[in-house]
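Worksheet: the structure to be examined is printed underneath.
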Amino acid sequence: MNLFEIDGVTKKYGSRTVLDVPQLKLQTDQIYAVMGPNGSGKTTLMRLLNLLDTPDTGHIKFIGEDLNEPGRRLEVARRMCMVFQRPFMFRSSVFNNVAYGLKLRKERGAECDRKVKEVLNFVGMSSFANQLATRLSGGETQRVALARALVLRPKLLLLDEPTANLDPSSVKHIEEIIRNWHQQYNTSVIIVTHNLFQAKRLADESILLINGKVIEKAKTADIFNAPQTVESKQFLDGTMVY
Amino acid sequence: MGTFSTLLLQKTEIFEIVKMSLMVSGSATIISAFIGIPLGAWIGLSDFTGRKLLLRIVYTLMALPPVLAGLLVFLLLSRSGPFGIWELLFTPAAMIIAQCLLVTPIITGLVAAAIAGKEGIIFDHALSLGASRSQAMWTIIKETRSSMIAAVLTGFGRAFAEVGAVMLVGGNIRHMTRVLTTSIVLETRQGNFEMGIALGIILLIISFTVSSIVLSNADEFKLT
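So the protein sequences, as listed, match chains H and U.
Position one of the first sequence corresponds to residue 9 (this note's numbering), numbered consecutively onward.
Position one of the second sequence corresponds to residue 9 (this note's numbering), numbered consecutively onward.
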């Protein structure tokens with residue numbers, strides 16, 4: 009089943025075109041890694057997919073539904089969730105941060121508590137439930153941000169460089185959470201990463217973006233073993249100057 | 009020792025002055041908060057033509073000289089002024105109006121700046137977690153509550169320590185419109201410097217107490 013169908017999408021900031029994707033299809037139940045140099049349009053793509061921005065031209069369909077369709081924004085947006093590179097923690101306890109999305113959906117009481125406890129346990133943050141979320145370390149914050157997204161059981165998890173600036177042990181922990189959750193619940197994942205090894209470890213397929221264009225999309229093993237374009241080869245070799 | 013005994017002798021009048029100060033500045037702050045917080049939130053959250061100009065006007069008014077605010081209110085409320093018929097000049101009501109003119113831009117400007125500074129990141133997070141636009145805006149307001157408390161306290165501080173405007177429109181009338189700051193001016197003019205300093209200390213103690221009470225109820229400011 010198609011997770012996303014992107015057709016003729018462009019996005020400009022001022023006069024500069026930051027994203028230009030004529031055609032792109034992503035499948036459900038997969039982990040995709042989006043790679044590319046700084047300013048290649050990765051975050052812009054994530055923002056468009058998460059309905060935080062609208063494309064200047066073209067259409068994006070999410071599981072068959074056009075994201076441009078008026079009046080459907082909230083319903084469609086609630087089926088996906090994004091974890092940002094620098095997650096913002098609400099000025100409250102870890103528990104309340106994780107319960108935030110559920111409360112927006114009018115879920116309260118014992119069922120809400122059960123879901124929050126379950127997901128905090130999943131990310132290994134149960135003992136932090138009553139702590140102030142704004143006082144956590146980088147790795148802990150990222151785990152709470154993941155829990156805050158996972159508790160909503162989204163069809164799609166968008167991760168914008170979730171392990172940037174984290175130490176290796178935190179990176180390992182976050183990757184385990186993503187992999188385990190994906191295996192357990194078949195949640196589709198799109199992860200933006202600068203870490204090529206992370207893409208290799210996690211992703212079924214990888215997408216390489218350069219200057220706002222999709223240069224290559226293929227199985228991760230294929231893209232690393234036999235890149236099809238000069239730019240892909242240069243980027244993966246580390247010889248691309250940008 | 010002399011000053012202390014004078015303070016004790018005049019304690020009824022000093023209580024009256026303190027009460028008047030708190031009533032005037034407190035009322036002005038509350039009214040200004042009711043106007044300034046929603047106005048600042050609206051400016052901080054909206055994106056409309058003229059927003060930058062409006063912000064510049066607000067920021068300019070944050071530095072409005074108290075004497076000028078007092079003069080403006082004086083002219084409006086004087087017998088020949090458009091609102092002279094209400095006979096508010098040299099009453100506490102006139103002092104509250106003058107202080108509102110000073111405090112409202114401060115609260116508005118600080119709230120707008122606080123919200124505009126965090127609006128993008130909180131908005132994105134809230135929307136991404138499934139908030140509607142109105143739910144996201146409410147989240148922003150909740151998340152900037154400590155800045156709002158700080159804005160209101162700053163406004164109260166400005167009102168409580170202000171002398172020019174209340175002197176002009178209140179007239180420093182004994183038992184009627186005399187407040188701590190105007191009393192300090194009076195005592196200084198009469199050469200009672202020790203009394204002036206004693207009243208100044210009372211003003212600072214009250215200001216500290218009010219801040220402490222407000223901040224002790226705000227989690228963000230609790231001492232750890």
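Ideal placement from N, C-alpha and C gives every residue a C-beta, glycine not left out.
Fair warning: this is a prediction, and the values are worked out from it, not measured in the lab.
- In the structure shown, residue 175/H falls within a coil segment according to DSSP collapsed to helix, strand and coil.
- Two segments are said to touch when three or more pairs of C-beta atoms, one from each, lie closer than 8 Å; by this definition the region 122 to 136 of chain U does not touch the region 211 to 219 of chain U.
- A distance below 8 Å separates the beta carbons of residue 173/U and residue 74/U.
- Proximity of residue 135/U to chain H, defined by a Cβ-Cβ separation below 8 Å, is satisfied.
- Only residues of its own chain outside the window of five on either side were considered, and among them 32, 174, 177, 178, 185 have a CB closer than 7 Å to the CB of residue 103/U, listed in chain order.
- For a Cβ distance threshold of 9 Å, nothing in chain U lies close to residue 137/H: the least Cβ distance comes to about 17 Å.
- When 7 Å is used as the limit between beta carbons, residue 172/H is near no residue of chain U, the shortest such separation being about 16 Å.
- Contact residues of the region 120 to 145 of chain U toward chain H are 129, 130, 132, 133, 135, 136, 137, 138, 139, 140, 143 (C-beta to C-beta distance below 7 Å).
- The continuous stretches of alpha helix (DSSP H) do not include residue 24/H, which lies in the beta strand (DSSP E) extending over residues 24 to 35.
- Contiguous beta strand (DSSP E) elements confined to the region 113 to 176 of chain H occur at 164 to 168, taking only those with 3 or more residues.
- At the C-beta level, residue 169/H and residue 200/H come within 8 Å of one another.
- Boundaries of the alpha helix (DSSP H) harbouring residue 41/U: 19 to 53, taken from the DSSP string.
- About 11 Å separates the beta carbon of residue 42/H from that of residue 29/H, a gap too long to meet the 8 Å contact definition.
- Pairing residue 125/H with residue 134/H, the inter-Cα distance amounts to about 7 Å.
- The C-beta of residue 239/H has 16 or more other C-beta atoms within 10 Å across all chains shown, which makes the residue buried.
- Residue 141/U and residue 69/H have their C-alpha atoms some 22 Å from each other.
- Around the CB of residue 85/H, 16 or more other CB atoms lie within 10 Å, so the residue is classed as buried.
- The beta carbon of residue 198/H lies closer than 6 Å to those of 40, 166 in the same chain, with the five residues before and after it left out.
- Residue pairing by DSSP places residue 74/H opposite 69/H in a beta bridge.
- No Cβ-Cβ contact shorter than 8 Å links residue 37/U with residue 199/U.
- With respect to the 8 Å criterion, residue 91/H and residue 154/H are classified as neighbours on the basis of their beta carbons.
- In summary, residue 233/H is exposed, with fewer than 16 beta-carbon neighbours lying within 10 Å of its beta-carbon over all protein chains present.
- The three-state secondary structure of residue 168/U, taken from DSSP, is helix.
- The beta carbon of residue 170/U sits no closer than 8 Å to any beta carbon of chain H.
- By the criterion of at least three beta-carbon pairs nearer than 8 Å, the region 217 to 224 of chain U is not in contact with the region 45 to 61 of chain U.
- With contacts defined as CB atoms closer than 8 Å, residue 187/U and residue 25/U qualify as a contacting pair.
- Closest by C-alpha distance to residue 19/H, out of 45/H, 57/H, 35/H, 11/H, is 57/H.
- Residue 105/U is not a Cβ neighbour of residue 70/U, given a cutoff of 8 Å.
- Around the CB of residue 10/H, fewer than 16 other CB atoms lie within 10 Å, so the residue is classed as exposed.
- Counting C-beta pairs with one atom in each stretch, the region 79 to 87 of chain U and the region 143 to 154 of chain U have fewer than three that are closer than 8 Å, which means they do not touch.
- By the Cβ neighbour-count rule, residue 201/U is exposed, with fewer than 16 other Cβ atoms within 10 Å of its own.
- Across the structure, residue 33/H and residue 222/U are spaced so that their CA atoms are roughly 55 Å apart.
- Annotation for residue 88/H: the continuous beta strand (DSSP E) segment containing it runs 88 to 91.
- The continuous alpha helix (DSSP H) containing residue 191/U extends over residues 188 to 197.
- When the Cα atoms are used, residue 169/U and residue 189/U turn out to be separated by approximately 6 Å.
- Interface residue (Cβ-Cβ distance to chain U less than 8 Å): residue 109/H is classified as such.
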